[in-house]
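Below is one structure, written out as structure tokens; comments come after it.
There are 2 protein chains.
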Amino acid sequence: MRADAPIGVFDSGVGGLTVLRTLLRRLPNEHTVYLGDTARVPYGTRSGEVVTRYALLSARHLTTHGIKLLVVACNTVSAHSLPALAQALPIPVVGVIEPGAQAAAARSSGGLIAILGTPATVASGSYQAALRRLAPLASVVARACPLFVPLAEEGWVTGEIPHLIAERYLGDLRRMGVDTAVLGCTHYPLLAATIAEVLGPKVAIVDSAEATSVAVESLLEAQGLLREGGAPPTHRTLCTDVPDRFRAIAERFLGRPVGDVELVDLTA
Amino acid sequence: MRADAPIGVFDSGVGGLTVLRTLLRRLPNEHTVYLGDTARVPYGTRSGEVVTRYALLSARHLTTHGIKLLVVACNTVSAHSLPALAQALPIPVVGVIEPGAQAAAARSSGGLIAILGTPATVASGSYQAALRRLAPLASVVARACPLFVPLAEEGWVTGEIPHLIAERYLGDLRRMGVDTAVLGCTHYPLLAATIAEVLGPKVAIVDSAEATSVAVESLLEAQGLLREGGAPPTHRTLCTDVPDRFRAIAERFLGRPVGDVELVDLTA
């Protein structure tokens, strides 16, 4: 494998663009190929078996782009399909849950850690299981926040409405004395300021996206696969469907223009 | 066809249960079979061709239950697939858009009619086209309200948060002097009180679900297919997948217990 090969980033939709955003910031010399399986989003309501089938299709497509590493920028796929992906692919596979849980375990003072995620991620118990292993002395509380995803997609991320909604989901966590909160959904970094405001200044906010790009950097460095310079890097964006609002939402999540969006058919 | 046969009701998920609810109230003697294609929800982000393919699979499954009429309790399917369904099935097919548009045309005083719906329904232009035909003198404004669906599913339908969100989506419609507003999404009837509060007392709220059950009653009556009495009616609920939160959300939408939920596999 060559250092000049791109990093592949995969999500069921646009959420993984927040992971790509942190990768671009941390590793500005890397080529990237992002694939959003927008034709089949959301994965959160599918069975684990179906999620793995879809994830394998997307991952195999990304390998045709010669990627040197696959980032699974999706909590649902990370919860269900990492072993199957690691077995099927000849390259390293990094999910978002393990790095997020590691960062939370490192930050927590051994008190109460809160996992914030979609109903599917919370119900999967994946963060809870990782934290039992990584921070056996900490207590863990998980909280599903279903309105955070549409708030992020609408771009309503600060002000009265998101504040009231965050207070309703999280107010009791502040009163319970949570010391660390994990943003366990790729949409939630857009609401980080509002979540921090509601939880208060003593609570450490752990962004799984940020933790994942740290893990990617370490892994590439350990394997001598970091791209150090050369021609400006290229960034491709692939989707399985391009819904009307895709570009506007994608650019908000990525924090910069997405360029051309290429449509790919994974059923072929 | 026998009057004793059930009415089939089809939606991509739980939203159509608000249509079933009005049907049960208006036609309390009828047997019903409800099918929610929860494994493939949401349809709103799929292409019209894919929506029609899914709808045909669901409709054909319902015909194996000997239904006498099919209610398409889904705005996306009503927008894209009614001609294909009507051609494929030997029974009458009733969608939600035409009855909703007819009711709006009848209620409006010829001023400004607002269509409230999901981004997909608004972008399809189906209500707008029906109203151009049914109320050629009225002006029409369409407004996508993406947060209304998760608010309805959370059960946050009255109070400060839904009021502020409705004000943000609809406040300018009140100032524009809308005289009639169509609830053009099967989730929105749960928010009807909040929507009415924001639009003000002079605005007529048209519920497509209610209008659709009136259309079903007329059609069955005209064909001599109304079930007048006899043994208590039976009500079956079928799903293609049963997500964790399904039952709680379904009962809120239906306004009564859903009983046993039967899992069906439409890919077989």
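Just so you know, the sequences run in chain order A and B.
Just so you know, this note's numbering puts 1356 at position 20 of the first sequence, and the rest follows in order with no gaps.
Just so you know, this note's numbering puts 1586 at position 250 of the second sequence, and the rest follows in order with no gaps.
Glycine is no exception: its CB is placed at the ideal position from the N, C-alpha and C atoms.
Because the structure is a prediction, the values reported are computed rather than measured.
- In this structure, the alpha-carbon of residue 1478 (chain A) lies about 43 Å from that of residue 1430 (chain B).
- Looking only at B:1397, B:1467, B:1487, B:1554, the smallest Cα-Cα distance to residue 1530 (chain B) is reached by B:1487.
- Contact with chain A is absent for residue 1568 (chain B), since none of that chain's Cβ atoms lies less than 8 Å from the residue's Cβ.
- In the displayed model, residue 1339 (chain A) falls within coil according to three-state DSSP, outside both helix and strand.
- Legend: CB atoms of the segment 1484-1518 of chain A lying less than 9 Å from CB atoms of chain B belong to residues 1485, 1486, 1487, 1489, 1490, 1492, 1496, 1497, 1500, 1501, 1504.
- Per the coordinates, the alpha-carbon of residue 1562 (chain B) lies some 16 Å from the alpha-carbon of residue 1345 (chain B).
- A contact between stretches requires three or more CB pairs, one per stretch, nearer than 8 Å, and the segment 1448-1467 of chain B fails this requirement with the segment 1455-1469 of chain A.
- Shortest Cα-Cα distance from residue 1518 (chain A) to any of A:1390, A:1481, A:1490 involves A:1481.
- In the structure shown, residue 1475 (chain A) adopts extended strand secondary structure according to DSSP, grouped into three states.
- For residue 1381 (chain B), the closest Cβ of chain A is nearer than 8 Å.
- Chain-ordered, the chain B residues with CB closer than 8 Å to the CB of residue 1377 (chain A) read 1381.
- Annotation for residue 1571 (chain B): 1368 place their beta carbon closer than 6 Å to its own, counting only its chain and skipping 5 residues before and after.
- Ranking B:1351, B:1342, B:1337, B:1555 by CA distance to the CA of residue 1584 (chain B) puts B:1351 first.
- Taking a 10 Å sphere around the C-beta of residue 1506 (chain A), we find 16 or more other C-beta atoms and assign the residue as buried.
- Among the bridge pairs identified by DSSP, residue 1346 (chain B) is matched with B:1371, B:1408.
- Three or more beta-carbon pairs separated by less than 8 Å link the segment 1404-1416 of chain A to the segment 1521-1536 of chain A, which places the two stretches in contact.
- Annotation for residue 1592 (chain B): no beta strand (DSSP E) segment contains it, and DSSP assigns it neither H nor E.
- At a beta-carbon threshold of 7 Å, the residues of chain A lying near residue 1581 (chain B) are 1455, ordered along the chain.
- When only Cα atoms are considered, residue 1541 (chain A) and residue 1437 (chain A) end up about 12 Å apart.
- Within the segment 1357-1370 of chain B, no residue has a Cβ lying closer than 8 Å to any Cβ of chain A.
- Closest by C-alpha distance to residue 1342 (chain A), out of A:1363, A:1353, A:1547, A:1474, is A:1363.
- Following the DSSP letters along the chain, one finds residue 1386 (chain A) inside the alpha helix (DSSP H) bounded by residues 1384-1399.
- Per the C-alpha coordinates, the member of B:1566, B:1376, B:1403 positioned closest to residue 1391 (chain B) is B:1376.
- By the rule that beta-carbons nearer than 8 Å mark a contact, residue 1482 (chain B) touches chain A.
- Not a single CB atom of chain A sits nearer than 8 Å to the CB of residue 1388 (chain B).
- Under the DSSP definition of a beta bridge, residue 1451 (chain A) partners with A:1478, A:1518.
- Residue 1450 (chain B) is positioned such that its CB atom lies closer than 8 Å to that of residue 1514 (chain B).
- Against chain B, the CB of residue 1412 (chain A) has no partner CB under 8 Å away; the residue lies outside that interface.
- Across the structure, residue 1395 (chain A) and residue 1403 (chain A) are spaced so that their CA atoms are roughly 10 Å apart.
- Using a Cβ distance threshold of 8 Å, residue 1512 (chain A) and residue 1556 (chain A) do not count as a contacting pair.
- Note that the C-beta distance between residue 1353 (chain B) and residue 1370 (chain B) is below 8 Å.
- Using a CB distance cut-off of 8 Å, residue 1374 (chain B) counts as an interface residue toward chain A.
- The three-state reading of DSSP puts residue 1427 (chain A) in coil, since its state is none of H, G, I, E or B.
- In this structure, residue 1426 (chain B) lies away from residue 1550 (chain B), with their beta-carbon atoms at least 8 Å apart.
- Looking at the DSSP output, residue 1540 (chain A) sits in a beta bridge with A:1516.
- Taking a C-beta distance under 8 Å as the contact criterion, residue 1594 (chain B) and residue 1574 (chain B) do not qualify as a contact pair.
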